[in-house]
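Colleague: Residue numbers (the UniProt record's numbering), protein chains in the order written: chain A, 1 to 334; chain B, 1 to 334.
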DNA sequence: CTGAAAGCGCTTACAG
DNA sequence: CTGAAAGCGCTTACAG
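(1) For the alpha helix (DSSP H) containing residue 254 (chain B), list its first residue and its last residue.
(2) Which of the residues in the region 98-118 of chain B, read from start to end, lie with their CB under 7 Å from any CB of chain A?
(3) Span of the beta strand (DSSP E) holding residue 142 (chain B)?
(4) Would you list, in chain order, the members of the region 273-287 of chain B that have their beta-carbon closer than 7 Å to a beta-carbon of chain A?
(5) Taking a cut of 8 Å between CB atoms, which residues from the region 139-153 of chain B lie near chain A?
(6) With a threshold of 8 Å between beta carbons, is residue 77 (chain A) in contact with chain B?
(7) Any chance the region 82-102 of chain A sits against the region 57-73 of chain A, with 3 or more Cβ pairs inside 8 Å?
(8) Can you list, in chain order, the residues of its chain with a C-beta nearer than 8 Å to that of residue 289 (chain A)? Leave out the 5 residues immediately preceding and following it.
(9) Which chain A residues sit within Cβ distance under 8 Å of residue 216 (chain B)?
(10) Could you check whether the Cβ of residue 258 (chain A) sits closer than 8 Å to any Cβ belonging to chain B?
(11) Give the DSSP-derived three-state secondary structure of residue 155 (chain A) in the structure shown.
(12) How about the region 63-73 of chain B and the region 29-37 of chain A: do they share at least three Cβ pairs that are nearer than 8 Å?
(13) Can you find the residues in the same chain that come closer than 7 Å, C-beta to C-beta, to residue 242 (chain A), ignoring five residues on each side of it along the sequence?
(14) If you measure from the beta carbon of residue 267 (chain A) to each beta carbon in chain B, is any gap under 8 Å?
(15) Answer yes or no: do residue 148 (chain B) and residue 120 (chain B) have a C-beta to C-beta separation smaller than 8 Å?
(16) Taking buried to mean at least 16 other C-beta atoms within 10 Å of its own C-beta, is residue 160 (chain A) buried or exposed?
(17) Report, in whole angstroms, the separation of the C-beta atoms of residue 122 (chain A) and residue 143 (chain A), which I expect to be a contact under 8 Å.
(18) Looking at chain A, is there any beta carbon in it that lies within less than 8 Å of the beta carbon of residue 130 (chain B)?
(19) Which runs of the beta strand (DSSP E), 3 residues or longer, sit entirely within the region 42-103 of chain B?
(20) If we count Cβ pairs, one from each stretch, closer than 8 Å, do we get three or more for the region 268-282 of chain A versus the region 245-253 of chain A?
(21) Going by DSSP, what residue range makes up the alpha helix (DSSP H) through residue 123 (chain A)?
(22) CA-CA distance, residue 4 (chain A) and residue 54 (chain A)?
(23) Does the CB of residue 222 (chain B) have a neighbour CB from chain A at under 8 Å?
(24) Do residue 271 (chain A) and residue 244 (chain A) have their C-beta atoms within less than 8 Å of each other?
(25) What is the rounded straight-line gap between the Cα of residue 73 (chain A) and the Cα of residue 12 (chain B)?
(26) Using a Cβ cut-off of 8 Å, pull out every chain B residue sitting near residue 123 (chain A), in sequence order please.
(27) Rank B:303, B:77, B:40 by C-alpha distance to the C-alpha of residue 2 (chain B) and give the top, closest one.
(28) Tell me, please, whether the region 300-309 of chain A touches the region 254-273 of chain A by the rule of three or more beta-carbon pairs shorter than 8 Å.
(29) Please check the pair residue 335 (chain B) and residue 158 (chain B), which I expect to be a contact at CB under 8 Å, by giving their CB distance rounded to whole angstroms.
(30) Could you please tell me which residues of the region 158-179 of chain B, in chain order, have their CB closer than 8 Å to any CB of chain A?
(31) Could you compute how far the alpha carbon of residue 222 (chain A) sits from the alpha carbon of residue 186 (chain A)?
(32) Between residue 334 (chain B) and residue 258 (chain A), how many whole angstroms is the CB-CB distance? I'm expecting something under 8 Å.
(33) Check the Cβ-Cβ distances between residue 65 (chain A) and every residue of chain B, and say whether any is below 8 Å.
(34) Output yes or no for whether 8 Å exceeds the beta carbon distance between residue 164 (chain A) and residue 217 (chain A).
(35) Could you please give the first and the last residue of the uninterrupted beta strand (DSSP E) stretch that includes residue 276 (chain B)?
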């Protein structure tokens, strides 16, 4: 590899002068600068960042520990947002997938710390509590789409309570008074919070909460036996029947479109629907289009990185708002 | 930061001995090794990888230039596969999103080359031709899910022709003789190849190709005016009507489930469907489940990285097979 | 089995 | 405006 000395020899100057040109130091005669510049291009010289890092005692790298963020649909937007802000601050992100694997996680962390990362980001593909490895406390760190109850770390999560409220409010505004909720597994953080939002919306509309209107759409992976079909069946068996349903996620909603047909009910005609996630593969392709709450993935990624570059170290949990994506499923047309 | 010298002082030895312990050199007395080990833990010492890189003249890093691979659903599996193989070879991947942006791409490339990446991977989220930046030719490089007609680089892409063949064959095996194809925009590589596979399957079944059975489901982003609805309408207007349809992607298929209802046709009963992509958000949630061809994302990522670690430098295009994911949509039940 | 010297490619601080 | 010296934290090659 060609080094600063090779360039110096080629340009007939000292290597220190080359360093000045590379770093755009002002104190170089224009003529010398030009000559060095030409040599740099002639030899295709690139400064060795390892040498720079060693001398400067900083790496310019921020570690990004990803729990399936890059493989789950759209969660990659967290990474995208993080990369945007990092790049604005001339930092580069080093991304490692940890994929639930303890040993991998430890190896990844060791590797990142040996590379002297200046900060660490731990991001999950869904909103949940995570165990924070103790090494994370040795450098500035933030959590994205996850939180810890044992370690005090700044944490950026979606505001699932607000989303639950808004998804319900949209239906209340259309005059519905009997609104079902097909819930996620209650062990999921989002399930609890969205339910709370649903209840708050009802309360604000002065409608008594009826627990029979809340049914579970599925168990956690491989654990539950309840299905979306059972959930729909039990809602449809109620007297009076709900005239609208809040679906715990777009996948539920998609299934519900089909399941309701068996009761002679068409979404957007006899029954209204709202949902969560704004999966771009699902929501716009249903007809009528699915009205759903979009997760603030990009904003969480941006906010988390932004926080790292701010002086204040406030270790609280920030809840970022969902966006209401209004299509047609929450409206009824005859 | 604590260095090798600090550890040496703490352990009462020379820093060279510490280096030996860290690198597991055999020639160290057990007693000394233990003492040094304790000092390492006491001081929480971690070798500085920048110093190592400089001394060893290699970075252990492979650059991964991603064109939306981490943000598009499931394309992240390319990265996952790449990371698996890199990790098996004790290399680490440095991922940068380039997102169509020329300037970003140049910056990313410069950064990676200054970090002395030992190889480069350029990956696209869909199968297409890409412009290869000239700097890529200065280090070993591979293309994933994309190819170049001007530069000779090893390239790993999905075998869209085979997929088209298989998606059609599944329907032929069920006795269908009149099979529609709702095609992607023909400017897309996959559209051309899948059509070729469709035609080969028909030919092998000794069925004459009828161009009226091939309709376009959409134009490229913002360009075409043709919709899935028009495509379905024109297929349904044919005499005789097709009894089965190959859909260019799962999103088409999803829409087709709904659109066919207007003709009184239920997928899996009066009409059979196959498709491409195996979007896990869509295919299993349709009823009946969608039979579709799964893209070999993980395999492409793995194969591409594997190629970098092999001695031979064969610059040809490898086409990796799709998997047939059989659900129920290609079968008819009354 | 252990250590002193040299050098990887840079930058910082000081001279000229 | 330009240069020689020292040092960042390691490893390689050579002595003892």
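Each residue gets a CB set at the ideal place from its N, CA and C atoms; glycine is no exception.
Modeller: According to the structure data:
(1) From DSSP, the alpha helix (DSSP H) with residue 254 (chain B) extends over 250-261.
(2) So the list reads 111, 113, 114, 115, 116, given in the order they occur along the chain.
(3) Here the beta strand (DSSP E) through residue 142 (chain B) covers 141-147.
(4) If the cut-off is 7 Å between Cβ atoms, the region 273-287 of chain B has 279, 281, 282, 285, 287 near chain A.
(5) Answer set for the region 139-153 of chain B: empty.
(6) Look at residue 77 (chain A): its C-beta is under 8 Å from a C-beta on chain B.
(7) Contact check between the region 82-102 of chain A and the region 57-73 of chain A: three or more CB pairs, one atom from each, fall below 8 Å, which counts as touching.
(8) Closer than 8 Å at the Cβ level, and outside the excluded window around residue 289 (chain A), lie 283, 327, 328, 329.
(9) The contacting residues do not exist; residue 216 (chain B) stays about 17 Å from chain A at best.
(10) When Cβ-Cβ separations below 8 Å define contact, residue 258 (chain A) makes contact with chain B.
(11) Shown here, residue 155 (chain A) sits in a strand according to DSSP, grouped into three states.
(12) Not touching, per the Cβ criterion.
(13) So the list reads 178, 179, 180, 213, 235, once near-sequence residues are dropped.
(14) By this cut-off, residue 267 (chain A) is not an interface position.
(15) No, Cβ-Cβ distance for residue 148 (chain B) and residue 120 (chain B) is not below 8 Å.
(16) Its Cβ being crowded by 16 or more others within 10 Å, residue 160 (chain A) is buried.
(17) The pair is a contact, with the Cβ atoms about 5 Å apart (cut-off 8 Å).
(18) It does not; no Cβ of chain A falls within 8 Å.
(19) Fully enclosed beta strand (DSSP E) runs of 3 or longer: 61-67, 92-97.
(20) Of all C-beta pairs linking the region 268-282 of chain A to the region 245-253 of chain A, three or more are shorter than 8 Å, placing the two stretches in contact.
(21) Element bounds for residue 123 (chain A): not the alpha helix (DSSP H) but the beta strand (DSSP E), 119-129.
(22) So the alpha carbons of these two residues sit roughly 16 Å apart.
(23) Confidence in residue 222 (chain B) is poor, its pLDDT being 48 and thus under 50, which makes the residue's placement too unreliable to answer from.
(24) Contact: yes.
(25) So the two alpha carbons sit approximately 54 Å from each other.
(26) Those within 8 Å of residue 123 (chain A) in chain B number zero; the least Cβ separation is about 12 Å.
(27) Ranking the options by Cα distance to residue 2 (chain B), first place goes to B:40.
(28) Contact fails: fewer than three Cβ-Cβ distances are below 8 Å.
(29) Nothing can be reported for residue 335 (chain B), as the shown portion of chain B is limited to 1 through 334.
(30) Close to chain A, meaning a Cβ-Cβ distance shorter than 8 Å, is no residue of the region 158-179 of chain B at all.
(31) Below a pLDDT of 50, predicted positions are generally treated as unreliable, and residue 222 (chain A), at 48, falls in that range; the measurement from the model is reported next regardless. Each residue's alpha carbon lies about 15 Å from the other.
(32) The pair is not a contact, with the Cβ atoms about 19 Å apart (cut-off 8 Å).
(33) The C-beta of residue 65 (chain A) comes no closer than 8 Å to any C-beta of chain B.
(34) Not a contact, by the Cβ cut-off of 8 Å.
(35) Per DSSP, residue 276 (chain B) belongs to the beta strand (DSSP E) from 272-277.
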